[in-house]
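Read the structure below first, then the notes.
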Ligand code: ATP
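Residue numbers (this note's numbering): 40 to 492.
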């Protein structure tokens, strides 16, 4: 089941501590959000799942965590200074500003006037001063995507790991875009995180690798609980392709506000390493790159068979963490009509993504023995290292179940008087609501089965 509207998700996210408007108590800033106690766990779990599948479960990908502040030359060479723009129009009537390509019938969404300026390019990159003198002479960009620092570190990584093509470099981190009209909750924001893989391949093998990564990425979203029927891999039309791309498949998802891009998988050819390399003339670069007079490093690799050097092609699966969260929240959101006439809201996350893995509830909050036993169970499960386990020592049991359904906790474990006699606890399953008695000595195994398949 999915949410019937974005409002339902926004309201649950605020009520249960997933996502808040940033700078809320001062009226907020558009396009910025903060992740609360549940949000930070969900976000970390999603990023960890991506890292695990990209880096730990493979033998051909290395990780990287590069700086956010970027030297302008990097973004000049990449083409961002010239082309990372959206068409901006002003409404002459109400003075609001819009992205021209998102307007319906060239009409101002605010006042419905058609009296608009001609579109002009607006660069989406944020700038900041570097060093103590803010006279414009020394500035940096906040990176608009994470991948450029992967390219500038290419030689550092091949030298330090002895990797040869085909291989990849993965990075998760913040990116910043001064979006003209941030909207649809966390779908389009000005500060977000990307999970990007740059996979370097031999020219000629690029089409096959592109297809491979499209399939891999769709399968990965499915394992995060995103139903295949809501995913639409869509070939980007030639005229719409970015300047570096030979082919791009956008994985579109049916968000509550409409079908839009969740992840893009691009064949970036030899544009990136070709743009950042020293001695461009030494290579047979196939894409149209800007002349590079600044790079200190050659980024070509050896073709051992032919004893030549070449610039690798790049296949890039690039996913947004926030858009991933929105899709996962939407997929998990379920309203159930219970037999007793009540309605329950439950987030049916895949257990590995649940912000809280288990809630341990002492039935009597003022019984020392029960509370001590609950604390001991909490500590033991916590030490298994599968994520956050909490001791729920406030509220009644019904309220606790409701809260944990709404934040998607796979199991609630209740310690009661019987526990003191027979050392067993009641375990309630989130999805079936079935309750069963489990002996304390089997609890670790019972719990682990939810997460380790
Ligand atoms: P869009 O066309 O929706 O603006 P894009 O094609 O510019 O997206 P890319 O540059 O391909 O996006 O970025 C890769 C991924 O980063 C996107 O698929 C998306 O998940 C995420 N992303 C891009 N811009 C934003 C944003 N403003 N807010 C949240 N996530 C974003």
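Don't be surprised by glycine CBs; every beta carbon is placed ideally from N, CA and C.
So, does the stretch 236 to 248 touch the stretch 198 to 215, judging by three or more C-beta pairs under 8 Å? yes
Tell me whether residue 225 counts as near ligand 1, meaning its Cβ is closer than 8 Å to at least one heavy atom of that ligand. As a working mapping, residue 225 is identified with position 186 in the chain shown. Yes, Cβ of residue 225 sits closer than 8 Å to a heavy atom of ligand 1.
How is the beta strand (DSSP E) around residue 193 delimited, first residue to last? Position 154 of the chain shown, counting from 1, holds the residue named residue 193. It is not in any beta strand (DSSP E) - residue 193 instead sits in the alpha helix (DSSP H) that spans 193 to 200.
Could you check if residue 289 belongs to the surroundings of ligand 1, using beta carbon to heavy atom distance under 8 Å? Counted from its first residue, the chain shown places residue 289 at position 250. Residue 289 Cβ: within cutoff of ligand 1.
Hey, would you say residue 48 sits closer than 9 Å to residue 224, going by beta carbons? Position 9 of the chain shown, counted from the start, is the residue given in the question as residue 48. Position 185 of the chain shown, counted from the start, is the residue given in the question as residue 224. In contact: residue 48 and residue 224 (Cβ atoms closer than 9 Å).
In the DSSP output, which residue or residues are listed as bridge partners for residue 357? Counting from one through the chain shown, the residue named residue 357 turns up at place 318. Beta-bridge pairing links residue 357 to 235, 303.
Ordered along the chain, which non-local residues of its own chain (more than five positions away) have a Cβ less than 6 Å from that of residue 147? Here the question's residue 147 lines up with position 108 in the chain shown. For residue 147, where only same-chain residues beyond five positions count, the Cβ hits under 6 Å are 130.
Need the endpoints of the beta strand (DSSP E) that residue 204 sits in, please. Position 165 of the chain shown, counting from 1, holds the residue named residue 204. Element bounds for residue 204: n/a, residue is neither H nor E.
Using DSSP with H/G/I as helix, E/B as strand and the rest coil, what is residue 52? What you label residue 52 is simply residue 13 of the chain shown in a count that begins at 1. Three-state DSSP puts residue 52 in a helix.
Cβ neighbours of residue 228 in the same chain (closer than 8 Å, five flanking residues each side left out): Looking up residue 228 in the chain shown gives position 189. Cβ neighbours of residue 228 beyond the five flanking positions: 70, 71, 72, 218, 221, 361.
Can we say the stretch 316 to 335 touches the stretch 258 to 273, given the rule of at least three CB pairs closer than 8 Å? no
Give every residue of the same chain whose Cβ lies closer than 6 Å to the Cβ of residue 467, excluding the five residues on either side of it in the sequence, and list them in chain order. Counting from one through the chain shown, the residue named residue 467 turns up at place 428. The answer, listed in chain order, is 451, 474.
Going along the chain, which unbroken runs of the beta strand (DSSP E) with 3 or more residues stay wholly within the stretch 347 to 407? 347 to 349, 352 to 359, 372 to 376, 382 to 386, 395 to 401
Between which two residues does the alpha helix (DSSP H) holding residue 120 run? Within the chain shown, the letter at position 81 stands for residue 120. Looking at the DSSP string, the run of the alpha helix (DSSP H) that includes residue 120 is 119 to 122.
Thinking C-beta only, is residue 386 closer than 9 Å to residue 351? Along the chain shown, read from residue 1 onward, the residue named residue 351 stands at position 312. Along the chain shown, read from residue 1 onward, the residue named residue 386 stands at position 347. No, the pair does not count as a contact, with Cβ atoms beyond the cut-off.
Hey, is the stretch 109 to 125 in contact with the stretch 173 to 185, meaning 3+ C-beta pairs nearer than 8 Å? yes
Of the residues 276, 305, 297, which one's Cα is nearest the Cα of residue 283? The sequence position of residue 283 within the chain shown is 244, counting from 1. The option with the nearest alpha carbon to residue 283 is 305.
Could you give the first and the last residue of the continuous alpha helix (DSSP H) run that contains residue 313? In the chain shown, the residue the question calls residue 313 occupies position 274. Segment 310 to 315, the alpha helix (DSSP H) holding residue 313.
With distances taken Cα to Cα, identify the nearest neighbour of residue 103 among 293, 199, 341. What you label residue 103 is simply residue 64 of the chain shown in a count that begins at 1. Of 293, 199, 341, the residue nearest in Cα terms is 199.
Residue span of the alpha helix (DSSP H) that contains residue 485, given as start and end: Residue numbering aside, residue 485 sits at position 446 when the chain shown is read from its first letter. Start and end: 479 to 490.
Residues in the same chain with beta-carbon distance under 7 Å from residue 335, minus the five sequence neighbours each way, listed in chain order, please. Locating residue 335 in the chain shown gives position 296, where the first residue counts as 1. Here the set comprises 317.
For residue 67, which residues of its own chain have a beta-carbon under 7 Å away from its beta-carbon, when the five flanking residues on both sides are left out? Counting from 1 along the chain shown, the entry for residue 67 is found at position 28. The residues are 60, 61.
Does at least one heavy atom of ligand 1 sit under 8 Å from the Cβ of residue 60? Along the chain shown, read from residue 1 onward, the residue named residue 60 stands at position 21. Not under cutoff, so the answer is no.
So, at 6 Å on beta carbons, what are the nonlocal neighbours of residue 248 in its own chain, with the 5 sequence-adjacent residues on each side left out? For the purposes of this step, residue 248 is taken as the residue at position 209 of the chain shown. Counting only Cβ-Cβ distances below 6 Å, and skipping sequence neighbours, we find 240, 354.
Helix, strand or coil at residue 111 [DSSP, three-state]: Translated into the one-based positions of the chain shown, residue 111 becomes position 72. Here residue 111 sits in helix by DSSP.
State buried or exposed for residue 206, treating a residue as buried only when at least 16 other CB atoms are found within 10 Å of its CB. Here residue 206 refers to the residue found at position 167 of the chain shown. With 16 or more other Cβ atoms within 10 Å, it is buried.
Using only the alpha-carbon positions, how far apart do residue 388 and residue 447 sit? For this step, residue 388 is matched to residue 349 along the chain shown. For this step, residue 447 is matched to residue 408 along the chain shown. Going from the Cα of residue 388 to the Cα of residue 447 covers about 6 Å.
Tell me which same chain residues have a C-beta within less than 7 Å of the C-beta of residue 341, skipping the five on either side of it? Counting from one through the chain shown, the residue named residue 341 turns up at place 302. Contacts found: 348.
In angstroms, rounded to a whole number, what distance separates the CA positions of residue 344 and residue 143? One-based indexing of the chain shown puts residue 344 at position 305. One-based indexing of the chain shown puts residue 143 at position 104. Computed Cα separation, rounded: 55 Å.
Considering residue 450, what are the terminal residues of the alpha helix (DSSP H) in which it resides? Start at 1 with the first residue of the chain shown, and residue 450 comes out as number 411. Element bounds for residue 450: not the alpha helix (DSSP H) but the beta strand (DSSP E), 450 to 454.
From residue 420 to residue 94, what does the alpha carbon distance come to, in whole angstroms? Sequence index remark: in the chain shown, residue 420 carries index 381 (1-based). Sequence index remark: in the chain shown, residue 94 carries index 55 (1-based). So the two alpha carbons sit approximately 26 Å from each other.
Residue 301 CB to nearest heavy atom of ligand 1 below 8 Å: Here residue 301 refers to the residue found at position 262 of the chain shown. Residue 301: yes, Cβ under 8 Å from ligand 1.
Considering only heavy atoms of ligand 1, does any lie closer than 8 Å to the CB of residue 201? Counted from its first residue, the chain shown places residue 201 at position 162. Incorrect: residue 201 has no Cβ contact closer than 8 Å to ligand 1.
Under 8 Å, with one C-beta from each stretch per pair, do the stretch 365 to 375 and the stretch 408 to 426 reach the 3-pair mark? no
Taking 9 Å as the cut-off, decide whether the C-beta atoms of residue 216 and residue 183 are in contact. In the chain shown, counting from the first residue as 1, residue 216 sits at position 177. In the chain shown, counting from the first residue as 1, residue 183 sits at position 144. A contact, by the Cβ cut-off of 9 Å.
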